[in-house]
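Chains P and G, in that order, are what the protein sequence lines are.
Here the first sequence stands for residues 1 to 397, where the numbers follow my numbering.
Here the second sequence stands for residues 398 to 794, where the numbers follow my numbering.
One structure below.
2 protein chains.
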Amino acid sequence: MLRTASQFKIASRLFSSAAVRMTSSPVMPLDASKVEIQTTKTPSKPKSNDELVFGKTFTDHMLTVEWTQESGWGTPQIKPYGNLSLDPSSAVFHYGFELFEGLKAYRTPGDKVALFRADKNMERLNKSAARICLPTVDGEEVIKLMGKLIEQDKYLVPEGQGYALYLRPTMIGTTPALGVTAPDKALLFVIASPVGPYYKTGFKAVKLEATDYATRAWPGGCGDKKLGANYAPCVLPQRQAAERGYQQNLWLFGPEKHITEVGTMNAFFVFQDSKTGKKELVTAPLDGTILEGVTRDSILSLARERLDPNEWTISERYFSITEVAEKAACGELVEAFGAGTAAVVSPIKEIGWEGKDINVPLQPGKQSGALTENVAKWIANIQYGKEMHGNWSRPVA
Amino acid sequence: MLRTASQFKIASRLFSSAAVRMTSSPVMPLDASKVEIQTTKTPSKPKSNDELVFGKTFTDHMLTVEWTQESGWGTPQIKPYGNLSLDPSSAVFHYGFELFEGLKAYRTPGDKVALFRADKNMERLNKSAARICLPTVDGEEVIKLMGKLIEQDKYLVPEGQGYALYLRPTMIGTTPALGVTAPDKALLFVIASPVGPYYKTGFKAVKLEATDYATRAWPGGCGDKKLGANYAPCVLPQRQAAERGYQQNLWLFGPEKHITEVGTMNAFFVFQDSKTGKKELVTAPLDGTILEGVTRDSILSLARERLDPNEWTISERYFSITEVAEKAACGELVEAFGAGTAAVVSPIKEIGWEGKDINVPLQPGKQSGALTENVAKWIANIQYGKEMHGNWSRPVA
Numbered sequence: 001m002l003r004t005a006s007q008f009k010i011a012s013r014l015f016s017s018a019a020v021r022m023t024s025s026p027v028m029p030l031d032a033s034k035v036e037i038q039t040t041k042t043p044s045k046p047k048s049n050d051e052l053v054f055g056k057t058f059t060d061h062m063l064t065v066e067w068t069q070e071s072g073w074g075t076p077q078i079k080p081y082g083n084l085s086l087d088p089s090s091a092v093f094h095y096g097f098e099l100f101e102g103l104k105a106y107r108t109p110g111d112k113v114a115l116f117r118a119d120k121n122m123e124r125l126n127k128s129a130a131r132i133c134l135p136t137v138d139g140e141e142v143i144k145l146m147g148k149l150i151e152q153d154k155y156l157v158p159e160g161q162g163y164a165l166y167l168r169p170t171m172i173g174t175t176p177a178l179g180v181t182a183p184d185k186a187l188l189f190v191i192a193s194p195v196g197p198y199y200k201t202g203f204k205a206v207k208l209e210a211t212d213y214a215t216r217a218w219p220g221g222c223g224d225k226k227l228g229a230n231y232a233p234c235v236l237p238q239r240q241a242a243e244r245g246y247q248q249n250l251w252l253f254g255p256e257k258h259i260t261e262v263g264t265m266n267a268f269f270v271f272q273d274s275k276t277g278k279k280e281l282v283t284a285p286l287d288g289t290i291l292e293g294v295t296r297d298s299i300l301s302l303a304r305e306r307l308d309p310n311e312w313t314i315s316e317r318y319f320s321i322t323e324v325a326e327k328a329a330c331g332e333l334v335e336a337f338g339a340g341t342a343a344v345v346s347p348i349k350e351i352g353w354e355g356k357d358i359n360v361p362l363q364p365g366k367q368s369g370a371l372t373e374n375v376a377k378w379i380a381n382i383q384y385g386k387e388m389h390g391n392w393s394r395p396v397a
Numbered sequence: 398m399l400r401t402a403s404q405f406k407i408a409s410r411l412f413s414s415a416a417v418r419m420t421s422s423p424v425m426p427l428d429a430s431k432v433e434i435q436t437t438k439t440p441s442k443p444k445s446n447d448e449l450v451f452g453k454t455f456t457d458h459m460l461t462v463e464w465t466q467e468s469g470w471g472t473p474q475i476k477p478y479g480n481l482s483l484d485p486s487s488a489v490f491h492y493g494f495e496l497f498e499g500l501k502a503y504r505t506p507g508d509k510v511a512l513f514r515a516d517k518n519m520e521r522l523n524k525s526a527a528r529i530c531l532p533t534v535d536g537e538e539v540i541k542l543m544g545k546l547i548e549q550d551k552y553l554v555p556e557g558q559g560y561a562l563y564l565r566p567t568m569i570g571t572t573p574a575l576g577v578t579a580p581d582k583a584l585l586f587v588i589a590s591p592v593g594p595y596y597k598t599g600f601k602a603v604k605l606e607a608t609d610y611a612t613r614a615w616p617g618g619c620g621d622k623k624l625g626a627n628y629a630p631c632v633l634p635q636r637q638a639a640e641r642g643y644q645q646n647l648w649l650f651g652p653e654k655h656i657t658e659v660g661t662m663n664a665f666f667v668f669q670d671s672k673t674g675k676k677e678l679v680t681a682p683l684d685g686t687i688l689e690g691v692t693r694d695s696i697l698s699l700a701r702e703r704l705d706p707n708e709w710t711i712s713e714r715y716f717s718i719t720e721v722a723e724k725a726a727c728g729e730l731v732e733a734f735g736a737g738t739a740a741v742v743s744p745i746k747e748i749g750w751e752g753k754d755i756n757v758p759l760q761p762g763k764q765s766g767a768l769t770e771n772v773a774k775w776i777a778n779i780q781y782g783k784e785m786h787g788n789w790s791r792p793v794a
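This is the structure we're talking about:
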């Protein structure tokens, strides 16, 4: 249903033509050079690395920029981290006018702090904004502002492999009225959280429940955008999977039981043809139901560059839980992992489906497959500036 | 896909069993008798009826109740209307942890103010809460608290046919952390807006665009709940329809092009068999993709009570835009309307579909069909206490 290529093209043309119209002639563009900085009077002491919990501790400052339809973007403000004060009728509380991004800043050689592929996050932020009629931004200006924000609290960016500063750009509709309509007021803000490695003691492979009774995303919906709307409805199925002993959901779609995503990450599988020995790295295609993950894109790019095409095929194609179960049964399932900003890669060891568990191979004595391990290294080396890769790592502070 | 009855039963069982577990043994239940009231020092002057704009003016007070997983519900507070102060990492800003209700209080004989079917709204509020792992409430206590809130500002409840006090109970997740998980802190609040009739000068029938490139709701999703997640993504298709000259979307679903809802309302159509002369009032069934509208339920109940079964069939069944187009072509389409709390009923005069406009009949010289007009009267008479109907109208202030 609405899953043919031509139907998608229509949907995508309709959505994107509106996006173009929306971004034309903003009244006042976002201008990083106008930033006003108010520093905290009570700077905090850095926490020790082992005290860091993802997204619970924040740096001393935050960035806010107000937007109105009438005047465009206001003066960017960097100020002490603190509560937002909003009218209870604000659009964000009632109709889901909210989007976010997640990206990390890493300590790199020469006492620099660098963002990883922030331009991709800004591109996606604008796609998310256009999809729910929030204002778009000049991503380059937001990157500059994030650099200034990081400079304020540079001493709080943790050191060490696996440690980073997680940045959370967020945009909310703030119009104080209950009509269901495009907001004429919005707030862009960025907060920052020093974080440690997702797996403190190396990888820990997870068990997934293949889920078809709940559906994460749908053609003609907004599952490819980073909107709040896509997250809250997935927490109940996750809780239910956890009660049955599985950490996360492997989201299936349609009568074909296509594999789409895992938890809040993109899903990658490795198959090996038992006759030819050739391997295939496969992930779902960007058909409008799949989040356009920056880690997903990085993995695909690096795999295409670095894996021998005589030994590997890199595929963005539909594949189903049935195909995975069949390949597992005949020894053709090699490994599987989730991919996202928080963990980079998250290896999978088991998938519950139709009352049985599909076993996903791991390397002997290890908690991941071989490609999963390599991909993690490839990306970390670029993130921490040990290796250059085009403009993927960009010093900002 | 996932559209068979048995698949829905599984989904609904899975979702509802979790809901039951979640509501068991709350640490501290919501208790209206504990309410603390702080009155405003600057009471406002009532606006004249013609100054009222839906959801833009609010009364002087609001209700707030905090919840934590650890302690349960806190002390209900009625206090002057004012901003909420929230940590920027709060779950509501990032992951769509928000739900709302909409209901109206009407001036009834004997200087009373009465709520219309508030128990149904409380029932739905709890279903919405369970679906996104927010706490459920004792609806009876919330109704009592809304009564006390209305008492504070009773003089601001407007008088006159079509005028009412719109109440907006809202619940948001307030946990200040970025992990995607069930909130352990929440805030329930209620704000109130004096409103006038949706159609100030009688009905004004609308033109709809039948929309299949964007999808409002899907099986295994949350389109039947009143969650913020269902609203923001529908504003872009609405804007696009408006650019093509249609006020709202008629939401279609699936390859069958089933008619599901209209804008943010339930959809009703009237057909008449040209051979037998028998009429059918039809609306989509509650299959998990349709909002469980209180107005929808009221219309179905009243139609079953008041329409002659020899002349009418009342159907909750799937029906498609193709069926509507075919019936229109042979003179069997009688009328159509949307149904919701804001407008009660909203007559439809035209539906754009496949490059043509389907004409929906109106009564000669009027802006609605005959049943639309009757339904509006039936419901208004109960809302304004001119007619009793079981416990549908409940005096609270």
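Every residue, glycine too, gets a C-beta built ideally from N, C-alpha and C.
- Against chain P, a Cβ distance below 7 angstroms from residue 497 (chain G) picks out 94.
- The Cβ atoms of residue 575 (chain G) and residue 168 (chain P) sit closer than 8 angstroms to each other.
- By the neighbour-count criterion, in which a residue is buried when 16 or more other Cβ atoms sit within 10 angstroms of its Cβ, residue 101 (chain P) is buried.
- Using a C-beta cut-off of 8 angstroms, the segment 342-349 of chain P makes contact with the segment 196-206 of chain P, since at least three inter-stretch Cβ pairs fall below that distance.
- At the C-beta level, residue 663 (chain G) and residue 735 (chain G) come within 8 angstroms of one another.
- Listed along chain G, the residues sitting closer than 7 angstroms to residue 179 (chain P) by beta-carbon distance are 451, 452.
- Contact of residue 260 (chain P) with chain G by beta-carbon distance below 9 angstroms is absent, the smallest such distance being about 12 angstroms.
- For the pair residue 445 (chain G) and residue 592 (chain G), the Cα-to-Cα distance works out to about 11 angstroms.
- In terms of beta-carbon proximity, residue 459 (chain G) lines the interface with chain P, with at least one pair separated by less than 8 angstroms.
- At a beta-carbon threshold of 8 angstroms, the residues of chain G lying near residue 219 (chain P) are 612, ordered along the chain.
- A contact between stretches requires three or more CB pairs, one per stretch, nearer than 8 angstroms, and the segment 140-159 of chain P meets this requirement with the segment 38-57 of chain P.
- A check of alpha carbon separations from residue 28 (chain P) across P:39, P:72, P:253, P:37 identifies P:72 as the nearest.
- Along the length of the segment 502-586 of chain G, whole beta strand (DSSP E) runs at least 3 residues long occupy 509-513, 561-570, reported in chain order.
- Under the criterion of beta carbons closer than 8 angstroms, residue 253 (chain P) and residue 334 (chain P) do not qualify as touching, at roughly 23 angstroms.
- It is roughly 32 angstroms from the alpha-carbon of residue 138 (chain P) to the alpha-carbon of residue 452 (chain G).
- Taking the CA atoms as reference points, residue 487 (chain G) sits about 10 angstroms from residue 83 (chain P).
- Burial check for residue 495 (chain G): the Cβ neighbour count within 10 Å reaches 16 or more, so the residue is buried.
- The alpha-carbon of residue 527 (chain G) is positioned some 10 angstroms away from that of residue 233 (chain P).
- Following the DSSP letters along the chain, one finds residue 93 (chain P) inside the alpha helix (DSSP H) bounded by residues 91-94.
- In the DSSP assignment, residue 394 (chain P) falls within the unbroken beta strand (DSSP E) covering 393-395.
- Looking only at P:41, P:109, P:92, the smallest Cα-Cα distance to residue 384 (chain P) is reached by P:109.
- Residue 643 (chain G) is a Cβ neighbour of residue 605 (chain G), given a cutoff of 8 angstroms.
- At the C-beta level, residue 571 (chain G) and residue 462 (chain G) stay beyond 8 angstroms of one another.
- In the structure shown, residue 382 (chain P) falls within a helical segment according to DSSP collapsed to helix, strand and coil.
- From the beta-carbon of residue 84 (chain P), the residues of chain G found nearer than 7 angstroms are 483, 485.
- Residue 687 (chain G) and residue 546 (chain G) have their C-alpha atoms some 31 angstroms from each other.
- Residues of the segment 236-257 of chain P whose Cβ lies closer than 7 angstroms to any Cβ of chain G, in chain order: 236, 239, 240, 254, 255.
- Listed along chain P are 232, 233, 235, 236, each with a C-beta nearer than 8 angstroms to that of residue 529 (chain G).
- No Cβ of chain G is located within less than 8 angstroms of the beta carbon of residue 124 (chain P).
- Against chain G, the CB of residue 97 (chain P) has a partner CB under 8 angstroms away; the residue lies at that interface.
- Residue 336 (chain P) is bridged by DSSP to P:269.
- Cβ atoms of residue 647 (chain G) and residue 659 (chain G) come within 8 angstroms of each other, at about 5 angstroms.
- With respect to chain P, the C-beta atom of residue 514 (chain G) has no partner C-beta closer than 8 angstroms.
- Secondary structure at residue 769 (chain G): helix, using DSSP grouped into helix, strand and coil.
- Rounded to whole angstroms, the gap between the alpha carbons of residue 590 (chain G) and residue 455 (chain G) is 4 angstroms.
- Taken in chain order, the members of the segment 189-212 of chain P whose beta-carbon sits within less than 8 angstroms of a beta-carbon on chain G are 189, 191, 193, 212.
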